[in-house]
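Here is the structure we will look at.
Protein chains in written order, with this note's numbering: chain A, 159 to 387; chain B, 107 to 727.
As C-alpha cells, then:
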C-alpha cells in the first residue's frame, strides 16, 4: 500500500512504570510510522505493552521519553485540555471491555462524544441513526448497556468511537472477550472501516483481524518487529 | 497475626475514608454532648433552675425551643452516623465478595469488618465526648471572659455516658446491616459490578430527551442508587430542618427577647437616687447576666427618701420626657392560696401552698410607669390599690396558679393580676401600687426617681439633672440604665448566637456525609468517568456531572428540610414573636450560606478525582 501521509510517528519511545522502587520498562526506544488509511495490527503476549502503546498514541498516556507525533502534534508536550479536544475529534477508542456509560442508552452512548464536540442536534440524530445501521443495532437504540450482550456492547463501542468520524481508530483486543461467531461481526465492521479508508491501529491476537492488516507488527521486549518483513 | 492486623491495616490503608467517617461520628457525638451540657449551664433545661441564669420565664418560654433543637441535633446525628456507616460498608461489598470467593469463611469476614466498625465507632464516640465537653468549657470560658458570669455546673458523667452509648449502639446497629447483607450475597454476585452498583436497575423514570448528557448521567445515577440517595436526602433534610429551626428560631428569639428586655429596662432612662441605692439598683439589674448575690441592704433607711423639692426641680428641667417615682424595698412574701372552678367536675378547688420567700418589692404609680414589661395577664390599674404583678422567677418559685392567687406582704394581701418577664433581681420582683406600698410599709416618700430624657441633647440634660440632684442632696446621683441595658442585650445576643451556631457541628458532619456520598458516586462510576475522559471529555465535564448530582441532592434536601424547619419554628416558638423584613433577609442569607458552603465542600472529591490521570482512573480495580 502506497503511503501519502504519515499520521502517527513514534521515535525512540520509552515508557517506564515505577511501582514502589522497581522500574518496569514497557516500551524501549520504540519506533513506529503509520500512514493515512493504513490498517496496522500489533500482536504480542499479554502484558507486553500493546495497550500502553495505544494509550500513548491516543494521548491517554504520556511517554517517559521519545517523541510521539500524531497528526502533526507532539502529544508529549501538549496539555490535558488540548489532549481532551484532540481525542474527541481525532481519535476513536475501542476498549477491550466495551466501557459503555451505564447510565446512558445505546443511542446516547453514541451521541455524547458529538455533544462534547458541539455538533448540531440534527446532525447528531442522523449520525446516531447512521452508526446504529452500520453496526446493526437500530432496534437497540433505547436499551441500556446491561440489556445488551457482550458482542452488542462492543458494536456500540465501535459506533461511539466512530461518532465524530475520527481519522484514527485505536482498537484494543476488540474480539478478546467475544465468542467466534460474535467476533465475526466485529471483524466485518473493521473490514468495512478499512475499505472506507480509515486509519486503524489494532492490538489483537485474532487471526481474522491480523489478515486484514497492511502492517503487521509484533511487540516484544518493548520493541516492535515488523512481521511483513 | 495476619488475621488480627487485617482490620487495622485495612483502616490505615483507607486513610481518607476512615478519617471522614471518624470525623463525622466525632462531630455528631460532640454536637449532642455540647448541646446538652451548655444548655444546662445557661438554664435551658427541664428542671428550670434559676440560680444565676436567665429568669425562669425566659427559660420556660424558650425551653421547648432549645429542647427541640437538642432533639433535632440528636436525630440529625443519628441519621448522619447511620448514613456514614452505610457508605463505609457499601464500599466494601466487592472486597467481601472477593474474600468469600477466595474461600474465606463468612464468620471470619464478619469478624474482620465488625472489628473495623467497632474501632471506628469507638474512636469517633470517644473523641466526640471529649470534644463536646471541651467545647462546653470553652464556651463558658468565653462567656465569662466577655463579662457574663455563667456558673459552671459539674459535668454530668451519666449524661455523657448516655450519649456515648446511644451513638455507639446506633452506629453498630446501622453498620452491621450492610456487613450482614454483603456477607449473605453470593460471591459471584458480590464481585460483579452489575450487583455492586445496581447496574441492572432501570433508571426509574424517563428523562427529557433534550436534557444535557451531564444532567442525564447525574439524574440516572441518583435513581439507580436509590437506597444511598434516599439516605443522604433524609440525612441532609434533617440537618437543614435543624439549621432552619436553630437559625430562624434563634434570630427571632434574639430579637424578641431583646425587645422584651429593652422595654422592661427602658431606653434613655436614668435613675436618680442616693448613690448607695444607685449601686444597689445596678446590682439588681445585673443579676440577669451575672450570678452575684446582693448583700443585705436597708432600703427603708430615711436617707434614701427622695425629697419633694427634687421632684419639683426635675419637673421643671427641660429635655425630660417623663418622670416616674418608685419605692424599692425588699421584704418577706407569702403565697396566698386561691380558688379555681373546675367545669368538668363543677367543683371549686384550692390552689397554692402558703410558700414563702424574699422578694424585691417595687411600688409604682400605675399609668406613669416609663418601662413596659412583657406580661401574662394585666398590669396594675390606677384606681385599684390591692393588686400586684409578680416577676416570672417568683411566680415559678412560690406560686402554683398566680393569676388565681394573691401575694401577702407586710401582712396585707394583694391579688396577682399578671406575671411579668423582668430582668430586675432576675425576675424575683413584685410590683404593687406606690401609695399602697407606702401605706403598708409606713414610708411617706419614694426612694427612686426614673427619668426618661430626650436623647438629642443627652449630655447637657444629664448634667442638669445631676446638678439639680446634688443641689438637693450631695449624696444623690444620676445612674444611666443604658449601660445595663446594653449589657443585658449583649448577654441575650451571645446566648442566641451560641444557639444559632449549635447546628454548626451537625452542618459540618452533614457536609462530610455529602462528601462521603460524592465519593460513593465516584467509586461507582470511576471506570465510566475514565472512559468519558478517554473519549475526549474534559475534566471539568466530569466535575460538572458529579456536582450536578450533588447539587440535586442538596437542593432536594434543602427544599424538604427548610419548610419543615420553618413550620416547626412557628409551632414551637415564642408568644408574640418579633419578625422584621431584615430578619427574614438575615435568616435567608444564613441558610443560603449553609447551602453554598455544603455544595462547595462536596466538590472537593470531584476536583481531586478530575485531576487524576486517565490511566489511573481506568486501571483502578
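Beta carbons: idealized from backbone N, C-alpha and C, even for Gly.
Just so it is clear, the structure is predicted and the values come from calculations on it, not from any experiment.
Using a Cβ cut-off of 9 Å, pull out every chain A residue sitting near residue 728(B), in sequence order please.
Limits of chain B in this structure are 107 at one end and 727 at the other, which puts residue 728(B) out of reach.
What does a CB cutoff of less than 6 Å around residue 342(B) pick up in its chain, not counting 5 residues either side in sequence?
The residue labelled residue 342(B) in the question sits at position 236 within the second chain. The answer, listed in chain order, is 616, 663.
Taking a Cβ distance cut-off of 7 Å, strictly less, list which residues of the stretch 160-192 of chain A are near chain B, in chain order.
The stretch 160-192 of chain A vs chain B, Cβ under 7 Å: nothing.
Run down chain B in chain order and give the residues with a C-beta less than 7 Å from the C-beta of residue 218(A).
Here residue 218(A) refers to the residue found at position 60 when the first chain is read from its first residue. Those are 640, 720, 721, listed as they occur along chain B.
Within the 8 Å Cβ cut-off, does residue 364(B) reach chain A?
Sequence index remark: in the second chain, residue 364(B) carries index 258 (1-based). No, residue 364(B) does not count as interfacial toward chain A.
Quick one: any contact between the stretch 398-415 of chain B and the stretch 366-377 of chain B, if contact means 3 or more CB pairs under 8 Å?
Short answer: they don't touch.
Output the distance between the C-alpha atoms of residue 278(A) and residue 318(A), rounded to the nearest integer angstrom.
Within the first chain, the letter at position 120 stands for residue 278(A). Within the first chain, the letter at position 160 stands for residue 318(A). When rounded, the distance between both Cα atoms is 17 Å.
What separation, rounded to the nearest whole angstrom, lies between the Cα atoms of residue 721(B) and residue 218(A)?
Along the second chain, one-based indexing puts residue 721(B) at 615. Along the first chain, one-based indexing puts residue 218(A) at 60. In a straight line, the C-alpha of residue 721(B) is about 7 Å away from that of residue 218(A).
Using beta-carbon positions only, say whether residue 560(B) and residue 427(B) come within less than 8 Å of one another.
Here residue 560(B) corresponds to residue number 454 of the second chain, with the count starting at 1. Here residue 427(B) corresponds to residue number 321 of the second chain, with the count starting at 1. Yes. Within cutoff.
Taking the alpha carbon of residue 114(A) as the reference point, which residue from 183(A), 326(A), 226(A) has its own alpha carbon closest?
This structure cannot settle anything about residue 114(A), because the visible part of chain A is limited to 159 through 387.
State buried or exposed for residue 261(A), treating a residue as buried only when at least 16 other CB atoms are found within 10 Å of its CB.
Walking along the first chain from the start, residue 261(A) turns up at place 103. Its Cβ being crowded by 16 or more others within 10 Å, residue 261(A) is buried.
Does chain B have any CB closer than 8 Å to the CB of residue 380(A)?
What you label residue 380(A) is simply residue 222 of the first chain in a count that begins at 1. No - not a single Cβ of chain B is within 8 Å of the one on residue 380(A).
Along the stretch 325-336 of chain B, what residues have a CB closer than 8 Å to any CB found in chain A?
So the close ones are 326, 327, 330.
Exposed or buried, which one is residue 621(B) when buried takes at least 16 other CB atoms within 10 Å?
As a position in the second chain, residue 621(B) is number 515, starting the count at 1. With 16 or more Cβ atoms within 10 Å of its Cβ, residue 621(B) is classed as buried.
What is the DSSP secondary structure of residue 305(B), counted as helix, strand or coil?
By 1-based counting over the second chain, the position of residue 305(B) is 199. With a pLDDT of 48 at residue 305(B), under the threshold of 50, the modelled position of this residue cannot be trusted, and the question is left open.
Rounded to whole angstroms, what's the CA-CA distance from residue 448(B) to residue 454(B)? Just pull it up for me.
As a working note, residue 448(B) is residue 342 in the second chain. As a working note, residue 454(B) is residue 348 in the second chain. Each residue's Cα considered, the two are about 6 Å apart.
Alpha carbon to alpha carbon, how far is residue 132(B) from residue 186(B)? Give it in angstroms, no decimals.
Numbered from 1 along the second chain, position 80 holds the residue referred to as residue 186(B). Numbered from 1 along the second chain, position 26 holds the residue referred to as residue 132(B). Cα-Cα distance, rounded: 11 Å.
Answer with yes or no whether the minimum CB distance from residue 323(B) to chain A is below 8 Å.
Residue mapping note: residue 323(B) aligns to position 217 of the second chain, counting from 1. So, interface residue.
Runs of 3 residues minimum, wholly inside the stretch 286-336 of chain A: which ones carry the beta strand (DSSP E) assignment?
If we require 3 residues or more, the beta strand (DSSP E) runs fully inside the stretch 286-336 of chain A come out as 326-330.
Taking 8 Å as the threshold (beta carbon to beta carbon), is residue 271(A) in contact with chain B?
Residue mapping note: residue 271(A) aligns to position 113 of the first chain, counting from 1. By this cut-off, residue 271(A) is an interface position.
Can you give the beta carbon distance from residue 165(A) to residue 357(A), rounded, assuming they're within the 8 Å contact cut?
Translated into positions along the first chain, residue 165(A) becomes position 7. Translated into positions along the first chain, residue 357(A) becomes position 199. The Cβ separation is near 5 Å, so the contact holds.
For residue 205(A), go through chain B and note every residue whose CB falls closer than 9 Å to its CB, in chain order.
Translated into positions along the first chain, residue 205(A) becomes position 47. By Cβ distance, chain B contributes nothing, its closest Cβ being about 13 Å from residue 205(A), past 9 Å.
For residue 379(A) versus residue 208(A), is the C-beta distance shorter than 8 Å?
Along the first chain, one-based indexing puts residue 379(A) at 221. Along the first chain, one-based indexing puts residue 208(A) at 50. No, these two residues do not count as a Cβ contact at 8 Å.
Beta strand (DSSP E) containing residue 556(B): first to last residue?
Translated into positions along the second chain, residue 556(B) becomes position 450. Segment 554-559, the beta strand (DSSP E) holding residue 556(B).
Indicate whether at least one CB of chain B lies closer than 8 Å to the CB of residue 289(A).
For the purposes of this step, residue 289(A) is taken as residue 131 along the first chain, with counting starting at 1. Judged by the 8 Å Cβ criterion, residue 289(A) is not in contact with chain B.
Could you tell me which of 483(B), 488(B), 420(B), 517(B) sits nearest to residue 509(B), measuring between CA atoms?
The residue you call residue 509(B) lines up with position 403 of the second chain. Ranking 483(B), 488(B), 420(B), 517(B) by Cα distance to residue 509(B) puts 483(B) first.
Between the C-alpha atoms of residue 763(B) and residue 362(B), what's the straight-line distance to the nearest angstrom?
Examination of residue 763(B) is not possible in this model, given that chain B is present from 107 through 727 alone.
Following the continuous beta strand (DSSP E) through residue 478(B), name the residue where it begins and the one where it ends.
Residue numbering aside, residue 478(B) sits at position 372 when the second chain is read from its first letter. Run containing residue 478(B): none; DSSP gives neither H nor E here.
Does residue 155(B) have its Cβ less than 8 Å from a Cβ in chain A?
On the second chain, residue 155(B) is found 49 positions in, with the first residue counted as 1. Any answer about residue 155(B) is weak, because its pLDDT of 36 lies below 50 and its placement is not dependable; what the coordinates show is given next. Output row for residue 155(B): interface = no.
If residue 195(B) and residue 284(B) are in contact, beta carbons under 8 Å, what's the gap, nearest whole angstrom?
Along the second chain, read from residue 1 onward, the residue named residue 195(B) stands at position 89. Along the second chain, read from residue 1 onward, the residue named residue 284(B) stands at position 178. So it is a contact: roughly 4 Å between Cβ atoms.
Just reading off the alpha helix (DSSP H) that residue 229(A) is part of, what are its end residues?
Sequence index remark: in the first chain, residue 229(A) carries index 71 (1-based). Taken as a continuous stretch (DSSP letters only), residue 229(A) belongs to no alpha helix (DSSP H), as it is neither H nor E.
Just mark residue 240(A) as buried or exposed, buried being the case when its beta carbon has 16 or more other beta carbons within 10 Å.
Counting from one through the first chain, the residue named residue 240(A) turns up at place 82. Exposed, because fewer than 16 other Cβ atoms sit within 10 Å of the Cβ of residue 240(A).
With a threshold of 16 other CB atoms inside 10 Å of the CB of residue 280(A), please say whether the residue is buried or exposed.
By 1-based counting over the first chain, the position of residue 280(A) is 122. Counting Cβ neighbours within 10 Å, residue 280(A) comes out exposed, since fewer than 16 surround it.
How long is the line joining the alpha carbons of residue 374(A) and residue 348(A), rounded to whole angstroms?
Indexing the first chain from 1 puts residue 374(A) at position 216. Indexing the first chain from 1 puts residue 348(A) at position 190. Cα to Cα, the separation comes out at about 15 Å.
With a 10 Å radius around its C-beta and 16 neighbouring C-beta atoms as the bar for buried, classify residue 206(B) as buried or exposed.
The count along the second chain starts at 1 and reaches residue 206(B) at position 100. Counting Cβ neighbours within 10 Å, residue 206(B) comes out buried, since at least 16 surround it.
Counting Cβ pairs closer than 8 Å, one from the stretch 492-501 of chain B and one from the stretch 532-549 of chain B, do we hit at least three?
Touching, yes, given that three or more Cβ pairs across the two stretches are closer than 8 Å.
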